[in-house]
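S.K.: Chains as they are written, first to last, in UniProt numbering: chain A, 1 to 406; chain B, 1 to 629.
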Amino acid sequence: MRLPDGEDAPSDGTLPSAVVQGAAERAFGVYLHVPFCAVRCGYCDFNTYTALELARPGEQLVGASQDTYAQAACAEIAFADAALRASGVPRRTVETVFVGGGTPTLLPAADLAAMLQAVRDTWGLTPDAEVTTEANPDSVTPDALRALARAGFTRISFGMQSAVPHVLATLDRTHDPERVPDAVRWAREAGLGVSVDLIYGTPGESLADWATSLAAAVALEPDHVSAYALTVEEGTALHRRVARGELPAPTDDDEAAKYELADAVLAGAGYDWYEISNWARTPADRCRHNVAYWRNQDWWGIGPGAHSHVGGTRWWNIKHPRAYAARIAAGVSPAAAREVLDGEARLLEDVLLGTRLVEGYPVSALSRQAVEGLVADGLAVRTDADRLVLTLRGRLLADTVVHRLT
Amino acid sequence: MPIPSPALAAGIQPAATAPHLLRNFCIIAHIDHGKSTLADRMLQLTGVVDSRAMRAQYLDRMDIERERGITIKSQAVRMPWGVTGDDGVESAYALNMIDTPGHVDFTYEVSRSLAACEGAVLLVDAAQGIEAQTLANLYLALENDLTIIPVLNKIDLPAAQPEKYAEELANLIGGDPEDCLRVSGKTGAGVVELLDRIVADIPAPTGDPTAPARAMIFDSVYDTYRGVVTYVRVVDGQLSPRERILMMSTRATHELLEIGVSAPEPTPTRGLGVGEVGYLITGVKDVRQSRVGDTVTNAHKPASDELGGYRDPKPMVFSGLYPIDGSDYPVLRDALDRLKLNDAALVYEPETSAALGFGFRCGFLGLLHLEIVRERLEREFTLDLISTAPNVVYDVTMEDGTEHVVTNPSEYPAGKIREVREPVVRATILTPNEFVGGIMELCQSRRGALQGMDYLSEDRVEMRYTLPLAEIVFDFFDQLKSKTRGYASLDYETTGDAPADLVKVDILLQGETVDAFSAIVHKDKAYSYGVMMAGKLKDLIPRQQFEVPIQAAVGSRIIARETVRAMRKDVLAKCYGGDISRKRKLLEKQKEGKKRMKTIGRVDVPQEAFIAALSSDAPTGKDAKDAKR
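In structure tokens:
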């Protein structure tokens with residue numbers, strides 16, 4: 001994924017003084033990025049690298065490869081703590097941790113455990129902390145899952161994507177759909193909460209294919225389901241194939257129909273939407289780490305290309321693991337650039353994030369005329385608690401909604 | 001000795017040259033047939049411009065002219081030339097070369113330039129043969145009794161066929177193909193012979209030196225530093241510095257601040273005598289006060305009769321010009337005010353469009369004139385403009401006898417109409433004979449009537465048609481070009497008007513008329529216009545959160561319909577920590593884009609849609625230029 005443009009970030013990682021304001025009231029989370037995959041999928045534009053892409057004979061730089069990556073990540077955790085302290089941000093116990101990738105489960109469970117331990121040692125974890133890792137269904141074993149649970153992980157999110165072989169093939173996903181139920185069962189047996197990710201709108205996927213995938217996901221009885229419309233990102237192999245005309249481009253109409261089907265099937269199976277692309281069996285099953293993003297809370301993102309947000313300042317790390325490792329080794333901030341948001345930008349973000357959630361956005365903070373227009377057009381409803389909540393149609397047209405509100 | 005010695009040159013000083021030592025001529029040529037290059041060689045050979053100061057196409061002043069290879073404004077250059085007579089005595093002559101504009105839109109200016117001359121060099125590319133505009137201007141020259149010197153240019157080209165085209169020219173003007181001179185403006189071959197021939201063949205001017213002064217204005221140019229520079233040909237009497245002059249059509253008087261000749265830089269003189277060509281500066285700031293075709297005389301001792309042929313410039317093609325950024329409206333107004341100083345034919349008045357905002361309805365001599373004005377506005381004043389599809393002027397008579405002059409389709413009157421009249425042109429098309437069938441088909445589909453057809457040579461045909469002007473302003477050039485692989489050339493002149501069965505087609509978005517898309521078309525074309533425009537808009541208007549019907553209507557009758565289906569999804573599915581900045585920036589960009597949209601009813605229409613819908617039928621700069629080839 002291309003990084004946004006921004007201003008230079010200070011090399012010592014210090015933050016503008018304004019971030020301190022209200023910090024004590026904001027939740028603090030940690031995102032840990034693992035930038036490695038066994039193979040790169042054709043649709044993926046995340047910051048991830050295969051062993052082959054990173055291979056360098058005589059590699060000495062700690063953190064530039066899979067074997068030593070956890071060490072570098074732990075070093076950034078220490079750096080983060082120092083920077084926050086130097087900026088005057090009060091120390092907060094971590095409420096949520098999310099390990100994403102890449103494929104975090106390519107690392108030994110011990111490495112993931114070590115990174116989590118560093119978070120715990122540095123800031124502490126609340127007793128009910130939510131600790132999630134993403135996983136590929138074919139990169140987990142019962143032993144590894146038990147080890148993660150022992151280390152403090154509470155939740156696992158499987159990249160299932162589809163249950164239909166030709167769809168998985170188009171996405172370059174290598175896992176065998178038959179293995180997913182096993183992986184889910186092992187996770188449960190280890191005491192982990194389970195989420196599955198699905199992708200709809202893959203070229204060549206019929207509505208029936210999508211129904212098959214939804215049914216398969218529901219049959220796994222996960223606690224949580226995420227479903228994403230496929231976005232063809234520039235710079236990916238999929239984009240090139242679509243541009244060359246080898247594959248048809250996904251259409252909004254097809255994706256809208258599939259979203260509506262997903263919402264109906266999931267609701268029918270007892271999963272309620274709580275964010276545009278997320279459904280959970282009970283409110284307790286919602287991903288608290290992600291909800292914190294949409295509520296504009298604070299988090300520090302560890303690892304190459306990881307994004308962070310503290311009190312209206314956003315920054316993002318340099319992308320390549322080698323460059324990242326070199327900065328960490330030198331004790332210099334790995335931030336590539338940052339954005340100190342002005343009031344207007346903060347408001348826009350607040351609305352675009354907040355309206356994605358089922359709890360909605362406080363009407364009192366919005367233009368009355370715009371609210372009435374959205375309600376009249378069937379894009380939103382006004383709740384008894386005087387919050388504006390998107391309807392099914394409004395969720396699909398959320399950009400229009402944001403434009404009309406801001 | 002072609003360049004006269006100082007002693008001889010003394011006899012051809014401005015204001016002191018006997019008429020029998022003057023030769024006034026112009027060059028009639030098609031664009032790209034090498035007129036400017038030939039003129040450059042003449043300037044060098046006569047010594048008025050030395051090689052170091054020479055820049056290519058010296059006489060084409062404006063950048064646009066130079067780039068597009070078009071001479072928009074004519075000028076006159078005085079060149080000395082020595083000729084040794086049969087008796088061995090050398091005489092010096094003053095040659096005035098009057099440059100002529102080369103395009104169909106400027107026929108009247110061409111006619112005035114021709115009227116200032118006694119002879120014309122008919123310059124034809126030896127690889128291409130004569131083209132339609134050249135033919136039209138040749139006929140104009142013949143009507144003015146000019147002596148024609150036929151010249152084939154570019155004889156250095158491998159593809160040159162001088163025998164073939166000499167034959168063609170001989171057929172056109174009479175005479176022997178052997179009389180046709182062969183030159184190369186590029187190498188200079190034959191140019192000395194041409195200058196000698198000008199002296200030998202073209203008659204000297206005649207006039208009455210004792211009569212009250214009469215001079216014809218054949219060009220008028222606004223200069224930022226000097227004000228209006230007026231180019232004249234003196235017919236009778238004498239004009240001198242500091243005298244008061246009278247413009248006979250406007251009755252305005254001015255003091256002659258400066259009088260001179262172009263050699264080729266402006267050079268003040270003691271005056272201009274019978275038959276001489278030069279410039280006047282009076283300090284006026286607007287070319288409308290010094291009109292092409294008008295007669296200049298002495299205010300204290302005025303002539304009794306004007307020289308004939310004066311005509312007010314009459315706009316034939318109209319288009320609305322709107323700034324894309326509405327806040328540029330004052331800039332556009334000032335820019336038009338500036339251009340008007342140098343363009344007597346440009347007319348405009350403020351106009352408001354519900355779809356496009358504030359702008360001006362502008363009248364032009366023709367399509368090229370429109371293109372040139374638009375390009376100058378965009379280039380010299382850095383304006384981004386939308387121009388509405390060009391239309392002609394209609395005279396509408398209602399049943400109750402009231403009359404309307406309609407220059408904008410949205411002003412077309414409602415109610416019972418007795419008659420609509422539209423301008424008609426006489427068009428001349430020159431083409432290789434293989435394309436005759438295709439051209440007949442095209443002209444017929446454009447309501448043309450064939451008036452005659454002649455073979456200029458074995459394989460080249462001149463076709464004459466009458467056509468409604470409205471049909472020519474509507475992509476006729478493009479069609480002609482594509483049907484003849486670019487080989488046909490076109491010229492036309494307006495000949496009056498004729499009644500026609502016309503209707504106004506409106507385009508409605510969600511039931512609201514979009515004034516910018518209304519068009520007056522022939523009844524038989526209404527349906528195809530409606531279908532075309534509705535179809536085009538369907539592809540150009542982005543999907544909205546509701547369905548948008550696009551309709552074409554004649555009065556209250558719907559003749560075509562398309563629908564932009566409602567947008568069902570615009571949300572980005574994933575919005576996690578790393579997506580937020582990007583997502584916000586995307587929304588901010590969209591918000592900026594929305595500011596550039598016009599809202600018709602509840603429908604957001606991007607400016608680009610207006611531009612695309614309107615511009616494909618209007619000529620682009622490229623097309624207008626190509627069309628003349």
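The beta carbon of each residue, even a glycine, is placed where N, CA and C say it ideally should be.
Quantities reported herein were computed from a predicted structural model and do not represent experimental measurements.
Anything in the region 564-590 of chain B with a Cβ closer than 9 Å to a Cβ of chain A? List those residues in chain order, please.
M.R.: Arg565, Met567, Arg568, Lys569, Asp570, Val571, Leu572, Ala573, Lys574, Cys575, Tyr576, Gly577, Gly578, Asp579, Ile580, Ser581, Arg582, Lys583, Arg584, Lys585, Leu586, Leu587, Glu588 and Gln590
S.K.: What is the C-beta distance between Ala303(B) and Arg214(B), in whole angstroms, given that I count them as a contact (C-beta under 8 Å)?
M.R.: Counting from 1 along the second sequence, the entry for residue 303(B) is found at position 303. Counting from 1 along the second sequence, the entry for residue 214(B) is found at position 214. With a Cβ gap of about 5 Å, Ala303(B) and Arg214(B) count as contacting.
S.K.: Where do the N-terminal and C-terminal ends of the beta strand (DSSP E) with Gln161(A) fall, by residue?
M.R.: Residue 161(A) sits at position 161 when you count from the first residue of the first sequence. That run of the beta strand (DSSP E) goes Arg155 to Gln161.
S.K.: If the cut is a Cβ gap below 8 Å, which residues of chain A does Gln607(B) touch?
M.R.: Start at 1 with the first residue of the second sequence, and residue 607(B) comes out as number 607. Within chain A, no residue has its beta carbon less than 8 Å from that of Gln607(B); the closest one is some 18 Å off.
S.K.: In this structure, does DSSP put Gly190(B) in helix, strand or coil?
M.R.: The count along the second sequence starts at 1 and reaches residue 190(B) at position 190. In the structure shown, Gly190(B) sits in coil (DSSP, three-state: anything other than H, G, I, E or B).
S.K.: Please classify Ser353(B) as buried or exposed, where buried requires at least 16 neighbouring CB atoms within 10 angstroms.
M.R.: The residue given as residue 353(B) occupies position 353 in the second sequence. When all chains shown are included, Ser353(B) counts as buried.
S.K.: Could you tell me if Tyr139(B) is buried or exposed, where buried requires 16 or more neighbouring beta carbons within 10 angstroms of its beta carbon?
M.R.: On the second sequence, residue 139(B) is found 139 positions in, with the first residue counted as 1. Exposed, because fewer than 16 other Cβ atoms sit within 10 Å of the Cβ of Tyr139(B).
S.K.: Using 7 Å as the threshold, is the C-beta distance between Val229(B) and Asp223(B) below it?
M.R.: The sequence position of residue 229(B) within the second sequence is 229, counting from 1. The sequence position of residue 223(B) within the second sequence is 223, counting from 1. Yes. Within cutoff.
S.K.: Would you mind telling me which residues of chain B sit closer than 8 Å to Asp399(A), beta carbon to beta carbon, in chain order?
M.R.: Sequence index remark: in the first sequence, residue 399(A) carries index 399 (1-based). Residues of chain B passing the Cβ test: Asp570, Val571, Leu572, Leu587 and Gln590.
S.K.: So what does DSSP say about Lys504(B), is it helix, strand or coil?
M.R.: Taking the first residue of the second sequence as position 1, residue 504(B) is located at position 504. In the three-state reduction of the DSSP assignment, Lys504(B) falls in the strand class, which pools E and B.
S.K.: Residues of chain B with a CB under 8 Å from the CB of Ile276(A): which are they?
M.R.: Residue numbering aside, residue 276(A) sits at position 276 when the first sequence is read from its first letter. Per Cβ cutoff of 8 Å: Val571, Ala573 and Cys575.
S.K.: For the beta strand (DSSP E) containing Arg361(B), list its first residue and its last residue.
M.R.: The residue labelled residue 361(B) in the question sits at position 361 within the second sequence. Arg361(B) -> beta strand (DSSP E) spans Gly357 to Phe364.
S.K.: Use the C-beta contact count for Ala7(B): other C-beta atoms within 10 angstroms, 16 or more gives buried, fewer gives exposed.
M.R.: Here the question's residue 7(B) lines up with position 7 in the second sequence. With fewer than 16 Cβ atoms within 10 Å of its Cβ, Ala7(B) is classed as exposed.
S.K.: Are Arg244(B) and Thr253(B) close, meaning C-beta to C-beta below 7 Å?
M.R.: By one-based count along the second sequence, residue 244(B) stands at place 244. By one-based count along the second sequence, residue 253(B) stands at place 253. In contact: Arg244(B) and Thr253(B) (Cβ atoms closer than 7 Å).
S.K.: Identify the contact partners of Thr231(A) in chain B, using a Cβ-Cβ distance below 9 Å as the criterion.
M.R.: Here residue 231(A) corresponds to residue number 231 of the first sequence, with the count starting at 1. Per Cβ cutoff of 9 Å: Leu572, Ala573 and Lys574.
S.K.: Looking at the C-beta of Gln545(B), does it have a partner C-beta in chain A at a distance below 7 Å?
M.R.: Position 545 of the second sequence, counting from 1, holds the residue named residue 545(B). Chain A has a Cβ within less than 7 Å of the Cβ of Gln545(B).
S.K.: Do the region 433-448 of chain B and the region 386-402 of chain B meet, that is, are 3 or more Cβ pairs less than 8 Å apart?
M.R.: no
S.K.: From Leu146(B) to Ala204(B), what does the alpha carbon distance come to, in whole angstroms?
M.R.: Locating residue 146(B) in the second sequence gives position 146, where the first residue counts as 1. Locating residue 204(B) in the second sequence gives position 204, where the first residue counts as 1. Cα to Cα, Leu146(B) sits roughly 11 Å from Ala204(B).
S.K.: For a test of the three-state rule: what should DSSP assign to Ser327(B), helix, strand or coil?
M.R.: On the second sequence, position 327 is the one that residue 327(B) refers to. In this structure, Ser327(B) counts as helix in the three-state DSSP scheme.
S.K.: Three or more C-beta pairs under 8 Å: does that hold for the region 141-158 of chain A against the region 95-115 of chain A?
M.R.: Contact annotation: the region 141-158 of chain A touches the region 95-115 of chain A, with at least three C-beta pairs closer than 8 Å.
S.K.: Going along chain B, which residues have a C-beta under 8 Å from Gly301(A)?
M.R.: By one-based count along the first sequence, residue 301(A) stands at place 301. Result: Gly577 and Gly578.
S.K.: Comparing C-alpha positions only, which one of Gly22(A), Ile156(A), Cys74(A) and Ser308(A) sits nearest to Thr105(A)?
M.R.: What you label residue 105(A) is simply residue 105 of the first sequence in a count that begins at 1. For Thr105(A), the nearest C-alpha among the options comes from Ile156(A).
S.K.: Mapping the DSSP letters down to three states, classify His239(A) as helix, strand or coil.
M.R.: Along the first sequence, read from residue 1 onward, the residue named residue 239(A) stands at position 239. If DSSP states are grouped into helix, strand and coil, His239(A) belongs with the helices.
S.K.: Quick one: is Ile70(B) buried, meaning 16 or more other Cβ sit within 10 Å of its Cβ, or exposed?
M.R.: Translated into the one-based positions of the second sequence, residue 70(B) becomes position 70. Note that Ile70(B) has pLDDT 41, beneath the 50 cutoff, so the model's placement of it is unreliable and the number below is only indicative. Burial call: buried.
S.K.: First and last residue of the alpha helix (DSSP H) that includes Thr37(B)?
M.R.: The count along the second sequence starts at 1 and reaches residue 37(B) at position 37. Element bounds for Thr37(B): Lys35 to Leu45.
S.K.: Can you tell me whether Ser319(B) is buried or exposed? The criterion is at least 16 other CB atoms within 10 Å of its CB, across all chains shown.
M.R.: Within the second sequence, residue 319(B) is the residue found at index 319, counting from 1. Under this definition Ser319(B) is a buried residue.
S.K.: Sorted by chain position, which residues of the same chain lie with C-beta nearer than 8 Å to Thr295(B)'s C-beta, five sequence neighbours on each side aside?
M.R.: The residue labelled residue 295(B) in the question sits at position 295 within the second sequence. The residues are Arg214, Ala215, Met216, Ile217, Met247, Met248, Ser249, Ala303, Glu306, Leu307 and Tyr310.
S.K.: Identify every run of the beta strand (DSSP E) within the region 477-564 of chain B, keeping only runs that are complete inside it and at least 3 residues long; order them along the chain.
M.R.: 489-499, 502-509, 519-522, 548-554 and 557-564
S.K.: Can you grab the Cα-Cα spacing for the pair Thr17(B) / Ser220(B), in whole Å?
M.R.: In the second sequence, the residue the question calls residue 17(B) occupies position 17. In the second sequence, the residue the question calls residue 220(B) occupies position 220. C-alpha of Thr17(B) to C-alpha of Ser220(B): approximately 24 Å in a straight line.
S.K.: What is the residue span of the beta strand (DSSP E) that Lys598(B) lies within?
M.R.: Here residue 598(B) is taken as the residue at index 598 of the second sequence, counted from 1. Element bounds for Lys598(B): Met597 to Ile600.
S.K.: Does Leu390(A) get closer than 7 Å to chain B when you measure Cβ to Cβ?
M.R.: Here residue 390(A) corresponds to residue number 390 of the first sequence, with the count starting at 1. False, the Cβ-Cβ gap to chain B never drops below 7 Å.
S.K.: Asp219(B) lies in the beta strand (DSSP E); which residues open and close that run?
M.R.: Along the second sequence, one-based indexing puts residue 219(B) at 219. Looking at the DSSP string, the run of the beta strand (DSSP E) that includes Asp219(B) is Arg214 to Asp223.
S.K.: What three-state label does DSSP hand Leu169(B) in the structure shown?
M.R.: Here residue 169(B) is taken as the residue at index 169 of the second sequence, counted from 1. Helix, per DSSP.
S.K.: If you measure between the beta carbons of Gly278(B) and Gly260(B), is that distance less than 7 Å?
M.R.: Walking along the second sequence from the start, residue 278(B) turns up at place 278. Walking along the second sequence from the start, residue 260(B) turns up at place 260. Yes; because the gap between Cβ atoms is below 7 Å, this pair is in contact.
S.K.: Please report how far the alpha carbon of Ser387(B) lies from the alpha carbon of Gln479(B), in whole angstroms.
M.R.: In the second sequence, residue 387(B) corresponds to position 387, counting from 1. In the second sequence, residue 479(B) corresponds to position 479, counting from 1. Their Cα atoms are separated by approximately 21 Å.
S.K.: Can you tell me which of Asp506(B), Leu21(B) and Leu336(B) puts its alpha carbon nearest to the alpha carbon of Pro411(B)?
M.R.: Walking along the second sequence from the start, residue 411(B) turns up at place 411. Going by the sequence as given, residue 411(B) is Glu instead of Pro. Closest by alpha carbon: Asp506(B).
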